[in-house]
Every structure is written in C-alpha cells, then in structure tokens.
Amino acid sequence: MNNIILVGFMGTGKSVVGKLLAKKLNKDFVELDDMVEAKEKMSIKDIFEKKLEPYFRQVEKEAVKEAANRENVVISAGGGSVVDEENFNNLKNSGVIICLKASPDTILKRTKSLKIRPLLNVPDPKKQIEDLLKKRDPYYNKADFSIETDSLSVDDIVSKIISVLPKSALL
Ligand code: S3P
36 MNNIILVGFM
46 GTGKSVVGKL
56 LAKKLNKDFV
66 ELDDMVEAKE
76 KMSIKDIFEK
86 KLEPYFRQVE
96 KEAVKEAANR
106 ENVVISAGGG
116 SVVDEENFNN
126 LKNSGVIICL
136 KASPDTILKR
146 TKSLKIRPLL
156 NVPDPKKQIE
166 DLLKKRDPYY
176 NKADFSIETD
186 SLSVDDIVSK
196 IISVLPKSAL
206 L
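Here this note's numbering is used: the first residue of the sequence shown is 36, the next is one more, and so on.
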C-alpha cells in the first residue's frame, strides 16, 4: 500500500508536517488521535483522566487498524502508538514509516504552551521527555527513515520526506 506514516515523539511536528505533506502529494491526512477522540466523543486529555491510559491504548489500537486499512493516506501516529508491536506491524504493512526526531529541549519548547498532552502534564516534563525517549527510541528507530527536525522548517521537513520516499509511495 502507498501510505506514508509519520511516527515520533510528541512535539516532533507529525501533524503540521503530515497535513502539508498530504496536500503536496494529493493524499488524505489521517490523525490517529482525532480518530480516537471521534470514537470516544471525548478529548484525549479526558480519556486519560477518566478512562486511564490502558483504555486509550485499546482504542488507539482499533484506530491504527482502521487507518492502516486505508489507501493513499498520510497517517500521523500518536507518539506512543508504535511501542506496541501489533500497531507497528499494521502500520508497516500499509506503507513507508518516517520518524520525526527532535531533542528534549526542542520537544519541551514545542509542547510547553499546550496542556493537551496528559503524559507531559507532570511537575518535571523535561525529565519525563528524556525518560520516555530513552524507552521509545528503539521503537522509533525501526522506522524506514528518520529526520532530525530541530533546525528545519516545516517546508524543509516535507521536502526531505519527499526526497527519500520510494516511487511506490508517490503513486
Ligand atoms: C502520546 C502522544 C499523543 C497522544 C497521547 C499519548 C504518547 O499524540 O496520542 O497524548 O504516548 O506519546 P501526539 O504524539 O500526536 O502528540
């Protein structure tokens, strides 16, 4: 299948990059978090608070399956989704996986003003970012391509992605 899946930590630009990339390649854009919110009719923040993380992960898994069954889409996959092997394999079988990376400082800067990410709503978000990155890096590193985004604009990142994509993903 010719999907493009953006993975990576919160604040690495998956949504903003994914939307522009989809527009440029004439594909639909799919945000897994939006699918989860639509399914539950509740914000991610409320799902984490009222139904807790394991429940969120369950709904996220259903969303991954549905998104991975679509064709010709750019998927922005929530930062924790690819830690689950089944999710990773479903996404992998649907297209090319691109990981967007950023340093903890950049991530902190990009996520600070928004209080919508329950996992970073803790007394020491920088430490939380570092700890989670350490745990998640092995999973992010399974992507087909990785792009360091710290010093790149959204346009630069989109151009870089297009330059590494196999022809099959451009169809
Ligand atoms: C999460 C990332 C979020 C969202 C949820 C959990 C994570 O998505 O799915 O808050 O575990 O890293 P984004 O990466 O799109 O912010």
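Ideal Cβ placement from N, Cα and C applies to all residues, glycine included.
query                                                                                                                                                                    : result
Quick one: using the 10 Å Cβ neighbour count with 16 as the cut-off for buried, is Ala103 buried or exposed?                                                             : buried
Use the C-beta contact count for Ala73: other C-beta atoms within 10 angstroms, 16 or more gives buried, fewer gives exposed.                                            : exposed
Verify the contact flag: Gly115, CB atom, against every heavy atom of ligand 1, threshold strictly below 6 angstroms.                                                    : yes
Note down, in chain order, each residue of its chain lying with its Cβ closer than 6 angstroms to the Cβ of Val199, except the 5 sequence neighbours on either side.     : Phe180
Measuring only from the beta carbon, is Leu126 closer than 6 angstroms to any heavy atom that is part of ligand 1?                                                       : no
Is the separation between the beta-carbon of Val131 and that of Ala57 shorter than 7 angstroms?                                                                          : no
Counting only runs that start and end within the region 91 to 162, where is the alpha helix (DSSP H) found for 4 or more residues in a row?                              : 120 to 127, 139 to 147
Could you give the DSSP three-state label for Lys181: helix, strand or coil?                                                                                             : Going by the sequence as given, residue 181 is Ser instead of Lys. Three-state result, Ser181: strand.
Tell me the rounded alpha-carbon separation between Tyr175 and Gly115.                                                                                                   : 10 angstroms
Counting C-beta neighbours from all protein chains within 10 Å, is the total for Asn125 16 or more, i.e. buried, or is it exposed?                                       : buried
Between Asp69 and ligand 1, is the CB less than 6 angstroms from at least one heavy atom?                                                                                : no
Under a three-way DSSP split, which group does Leu200 fall into?                                                                                                         : coil
Who are the Cβ neighbours of Val65 in its own chain at under 6 angstroms, not counting the five residues just before and after it?                                       : Ala102, Val108, Ile110
Figure out for me which residue from Gly46, Asn38, Phe91 has the closest Cα to the Cα of Arg145.                                                                         : Gly46
Looking only at its chain, what residues have a beta carbon closer than 7 angstroms to the beta carbon of Leu206, apart from the 5 residues adjacent to it on each side? : Asn37
Curious, which full-length alpha helix (DSSP H) runs of at least 4 residues does the region 54 to 81 contain?                                                            : 67 to 75
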